[in-house]
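Following this note's numbering, the numbering of the sequence shown begins with 3 at its first residue and continues without gaps. Notes for the one structure printed next.
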Amino acid sequence: MLSRGKVILFYPAYDGLPLGAPLCMLALASTLRQANFEVLLIDAAIDPDYRTHIMCESVDALCIGISVLTGPMIQGAIEIATAIKSDLPWLPIIFGGWHPTLLPDETLREPFVDIVVRGQGEVTLVEVAEALLEQRSLDGIPGVSWKWNGQRKHNADRRVEPLDALPVPAFDLMDFDAYEKLSGERKIGYATSVGCPYACNYCTDMVFYKRRFNALPAERVVSELTELVTKYRIEEVALLDSNFPVQLDRALDIARGIIASGVNFRWTFQASTDFLCRMSEEEVLLLGKSGVSHMGFGTESTSEPVLKLMNKRHQRVNEMYETARKAHLAGIRVTFNLIFAYPGETEADRTITFQTMSDIAWQFPNVSFSPNIFTPYPGIPIWPQLRELGVPEPQSLRDWMEMPLGANMLPWLKGKELARLNRLVEYFLLNSQICRRTGSQSRFRHAIQSVIRSPIRWRLHSSRCAFPWELWLAAISERLTERRSLITGQSLPKLPASAC
């Protein structure tokens with residue numbers, strides 16, 4: 003059967019090593035191919051000449067879809083879209099993904115954006131491609147924002163499709179060797195579910211998925227994962243679920259199914275500590291036996307007042323300890339994400355978090371931390387409060403381009419206050435790294451750590467950071483990892499100085 007037309011899917015470059023081909027694009031490619039469209043997927047992460055390839059392929063394309071996350075990734079999207087509009091003004095350019103979904107009208111204001119696909123895009127993009135092919139109006143296609151006679155139109159939202167009603171993402175389009183060459187491992191990202199039932203005030207997930215948990219059945223997950231691992235020789239699968247164990251029985255059935263399959267591979271996921279704590283020791287050991295090597299948790303703070311401000315009433319400090327303990331028994335690495343300078347956080351709140359997390363680090367060497375300055379992303383529930391506090395809200399795609407995780411745009415965190423927080427974070431990270439050291443280190447490093455261990459703990463308990471001689475001494479033998487991925491636990495690139 004002849005192709006109905008070519009759709010180009012472009013994924014701009016972003017910070018950090020890719021887990022493999024972008025899963026969102028593979029999912030879109032699958033439904034497009036099912037509808038008999040030809041799909042060309044171009045990922046800037048593995049294609050150094052992506053601009054030339056896109057411009058050459060666009061000449062006879064039906065449209066180009068670009069996926070966009072808030073932050074530096076927007077720059078690549080703007081560059082490609084602008085170049086295409088200049089050379090091929092007739093070619094429809096479609097933006098989709100998290101950022102355009104959260105800010106569709108603002109995105110559509112850009113002269114190089116013709117259409118925005120909001121939310122779940124697998125079915126919507128097929129219907130848009132069919133309308134473009136038949137030169138029909140986009141009016142009536144749910145989940146679409148578009149331009150008509152100079153006006154921006156926003157169609158009704160699309161009803162969410164159950165994940166089990168959608169086909170397997172088009173993993174056969176992925177150049178596994180290219181991604182392995184880039185990252186050093188054969189790994190993929192995979193989603194068994196989307197959505198999280200909680201309503202944290204700083205989180206875009208609740209806005210994007212509206213607190214609906216949408217999951218594949220355990221049987222399909224096990225079948226697809228084991229087939230992918232076997233067929234493509236995958237070493238690690240990073241689950242992209244927002245909160246994997248929301249349905250505990252389903253999560254455990256997946257682990258049991260993987261064990262029963264006899265297919266061995268590492269897998270990682272994100273969760274909230276309350277769900278992990280509902281598992282028994284035996285059930286967490288089961289996760290470890292099935293290949294779980296890392297779990298990421300959005301713990302954010304150990305101050306009860308701050309947790310209330312964040313609307314994280316499900317988050318309890320004792321469960322953080324219990325999560326670390328159970329994971330340690332199972333030999334699973336853990337990363338706790340931390341958010342500092344949240345609106346309303348005081349110096350005392352910050353000190354409590356440093357103290358508690360340092361105590362967890364001393365008790366459980368399997369725990370790492372990823373501290374970040376609060377980043378106000380688009381659409382989050384507390385923007386009205388942030389505006390009152392004087393936080394400047396970006397007004398365009400280019401403005402949001404300057405918003406990587408940890409970028410500081412908070413008026414209450416400047417000058418000495420910012421320097422003080424950064425210094426305490428350095429002490430905290432050094433303390434946690436010392437806690438994880440094994441007996442295989444050199445005598446020189448061990449001697450330095452013996453000298454600075456007690457003073458560091460004193461500083462974290464007293465919030466004193468003047469004359470940081472311990473950091474100067476430690477710099478001789480230590481290299482601090484400042485941020486870690488909640489998905490895999492791997493270190494992330496350091497933010498540029500302008501973001502601090």
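From the three backbone atoms N, C-alpha and C, an ideal C-beta is built for every residue, glycine too. Being a predicted model, the structure only gives us computed values, none of them experimental.
Could you compute how far the alpha carbon of F430 sits from the alpha carbon of A15?
For the purposes of this step, residue 430 is taken as residue 428 along the sequence shown, with counting starting at 1. For the purposes of this step, residue 15 is taken as residue 13 along the sequence shown, with counting starting at 1. Looking at the two C-alpha atoms, the distance is approximately 31 Å.
Would you check if the stretch 250-264 and the stretch 220-235 touch, i.e. whether three or more CB-CB distances between them fall below 8 Å?
Counting Cβ pairs under 8 Å, three or more are found: they touch.
In whole angstroms, what separates the C-alpha of K503 from that of L168?
The requested residue 503 is not part of the displayed model; the chain covers only 3 to 502.
I48 and I68 closer than 8 Å at C-beta:
The residue you call residue 48 lines up with position 46 of the sequence shown. The residue you call residue 68 lines up with position 66 of the sequence shown. Contact: no.
Alpha carbon to alpha carbon, what distance is there between T228 and S139?
The residue labelled residue 139 in the question sits at position 137 within the sequence shown. The residue labelled residue 228 in the question sits at position 226 within the sequence shown. Cα-Cα distance, rounded: 43 Å.
When burial is assigned at 16 or more other CB atoms within 10 Å of the CB, is W100 buried or exposed?
As a working mapping, residue 100 is identified with position 98 in the sequence shown. Buried: at least 16 other Cβ atoms inside 10 Å.
Cβ contact check for the stretch 381-400 and the stretch 323-332: 3 or more pairs under 8 Å:
Short answer: they don't touch.
May I ask you to list the residues that DSSP assigns as paired with D45?
Mapped onto the sequence shown, residue 45 falls at position 43. Paired residues: Y13.
What separation, rounded to the nearest whole angstrom, lies between the Cα atoms of D51 and L462?
Within the sequence shown, the letter at position 49 stands for residue 51. Within the sequence shown, the letter at position 460 stands for residue 462. The alpha-carbon atoms of D51 and L462 are separated by roughly 48 Å.
Note down the Cα distance separating I56 from I10, rounded to an integer number of angstroms.
Taking the first residue of the sequence shown as 1, we reach residue 56 at position 54. Taking the first residue of the sequence shown as 1, we reach residue 10 at position 8. Going from the Cα of I56 to the Cα of I10 covers about 8 Å.
Using only the alpha-carbon positions, how far apart do L331 and K189 sit?
One-based indexing of the sequence shown puts residue 331 at position 329. One-based indexing of the sequence shown puts residue 189 at position 187. Taken atom to atom, the span from the alpha-carbon of L331 to that of K189 is near 26 Å.
Which class does E136 belong to by DSSP, given the choice of helix, strand or coil?
On the sequence shown, residue 136 is found 134 positions in, with the first residue counted as 1. In this structure, E136 counts as coil in the three-state DSSP scheme.
Here's the rule: buried if 16 or more other CB atoms are within 10 angstroms of the residue's CB, otherwise exposed. What is K8?
One-based indexing of the sequence shown puts residue 8 at position 6. K8 is buried by the Cβ-count criterion.
Stretch-stretch touch, CB-based, cutoff 8 Å, three pairs: the stretch 295-302 with the stretch 338-351:
Yes, since at least three Cβ pairs between the stretch 295-302 and the stretch 338-351 fall closer than 8 Å, the two stretches touch.
If we call anything under 8 Å between Cβ atoms a contact, is T109 one with V118?
The residue you call residue 109 lines up with position 107 of the sequence shown. The residue you call residue 118 lines up with position 116 of the sequence shown. Contact flag set, yes.
Quick check: the stretch 177-191 against the stretch 362-370, are there 3 or more CB pairs under 8 Å?
The stretch 177-191, when compared against the stretch 362-370, does not touch it at the 8 Å Cβ threshold.
Who are the near neighbours of G441 in its chain, counting only those whose CB is closer than 6 Å to its CB and skipping five residues on each side?
As a working note, residue 441 is residue 439 in the sequence shown. Model confidence at G441 stands at a pLDDT of 49, short of 50, so the residue's coordinates are unreliable; what they give is reported in the following sentence. Residues of the same chain with their beta carbon placed closer than 6 Å to that of G441 are lacking, with the five preceding and five following residues left out of the count.
Could you tell me which residues DSSP pairs with H296 in its beta bridges?
Mapped onto the sequence shown, residue 296 falls at position 294. Under DSSP, H296 forms a beta bridge with T270, R335.
Evaluate S282 with the Cβ neighbour count: other Cβ atoms within 10 Å of its Cβ, from every protein chain shown; 16 or more gives buried, anything less gives exposed.
In the sequence shown, counting from the first residue as 1, residue 282 sits at position 280. By the Cβ neighbour-count rule, S282 is exposed, with fewer than 16 other Cβ atoms within 10 Å of its own.
Considering just the uninterrupted stretch of the beta strand (DSSP E) at Q249, what are its terminal residues?
Residue mapping note: residue 249 aligns to position 247 of the sequence shown, counting from 1. Run containing Q249: none; DSSP gives neither H nor E here.
From the DSSP secondary-structure annotation, give me the bridge partner or partners of E238.
As a working note, residue 238 is residue 236 in the sequence shown. Bridge pairing for E238: K189, R268 [DSSP].
Beta strand (DSSP E) containing V146: first to last residue?
Here residue 146 is taken as the residue at index 144 of the sequence shown, counted from 1. Where V146 is concerned, the enclosing beta strand (DSSP E) stretches over 146-150.
Nearest neighbour of F357, chosen from A46, V427, R214 [CA to CA]:
Along the sequence shown, one-based indexing puts residue 357 at 355. Here the sequence assigns Gln to residue 357, which means Phe is not the residue at that position. For the residues A46, V427, R214, the minimum Cα distance to Q357 belongs to V427.
So, with DSSP's three-state summary, where would you put A217?
For the purposes of this step, residue 217 is taken as residue 215 along the sequence shown, with counting starting at 1. Residue state, collapsed to three classes: strand.
Mapping DSSP to helix, strand and coil, what is T490?
Within the sequence shown, numbered from 1, the residue matching residue 490 stands at position 488. DSSP places T490 in coil when its eight states are reduced to three.
Sorry if obvious, but does the Cβ on L30 come closer than 7 Å to a heavy atom of the ligand GDP?
Summarising the ligand content, the structure contains no ligands, and the ligand GDP is consequently not present.
What three-state label does DSSP hand T84 in the structure shown?
Working through the sequence shown from its first residue, we reach residue 84 at position 82. In the structure shown, T84 sits in a helix (DSSP, three-state: H, G or I).
Of the listed residues R352, V231, Q387, S456, nearest to G374 (C-alpha basis):
Counting from 1 along the sequence shown, the entry for residue 374 is found at position 372. It is Asn, not Gly, that sits at residue 374 in the sequence shown. For N374, the closest of R352, V231, Q387, S456 by C-alpha to C-alpha distance is R352.
Since I believe S32 is in contact with V170 (beta carbons under 8 Å), could you give me their beta-carbon distance rounded to a whole number of angstroms?
On the sequence shown, position 168 is the one that residue 170 refers to. On the sequence shown, position 30 is the one that residue 32 refers to. Yes, V170 and S32 are in contact; Cβ-Cβ is about 6 Å, under 8 Å.
Give every residue of the same chain whose Cβ lies closer than 6 Å to the Cβ of L165, excluding the five residues on either side of it in the sequence, and list them in chain order.
Start at 1 with the first residue of the sequence shown, and residue 165 comes out as number 163. If we look at L165 and ignore the five residues flanking it on each side, its Cβ neighbours are N216, L218.
Along the alpha helix (DSSP H) that carries P307, what are the first and last residues, could you check?
Walking along the sequence shown from the start, residue 307 turns up at place 305. Counted as a single uninterrupted DSSP element, the alpha helix (DSSP H) harbouring P307 occupies residues 306-311.
Give, in chain order, every unbroken run of the alpha helix (DSSP H) that is at least 4 residues long and sits entirely within the stretch 334-373.
You should have 349-365.
C-alpha distance - P199 paired with D276, whole-angstrom precision
Here residue 199 refers to the residue found at position 197 of the sequence shown. Here residue 276 refers to the residue found at position 274 of the sequence shown. Rounded to the nearest angstrom, the two C-alpha atoms are 12 Å apart.
Rounded Cβ spacing between A23 and L230 (contact assumed at less than 8 Å)
If you number the sequence shown from 1, residue 23 lands on position 21. If you number the sequence shown from 1, residue 230 lands on position 228. Incorrect: roughly 12 Å between the Cβ atoms, too far for contact.
Considering only the beta carbon of each residue, do L42 and M27 sit closer than 8 Å?
The residue given as residue 42 occupies position 40 in the sequence shown. The residue given as residue 27 occupies position 25 in the sequence shown. Between L42 and M27, the gap from beta carbon to beta carbon reaches 8 Å or more.
Does the Cβ of D116 have 16 or more other Cβ atoms within 10 Å, making it buried, or fewer, making it exposed?
By one-based count along the sequence shown, residue 116 stands at place 114. Sixteen is the threshold: when 16 or more other Cβ atoms of the shown chains lie within 10 Å of the Cβ of D116, as they do, the residue is buried.
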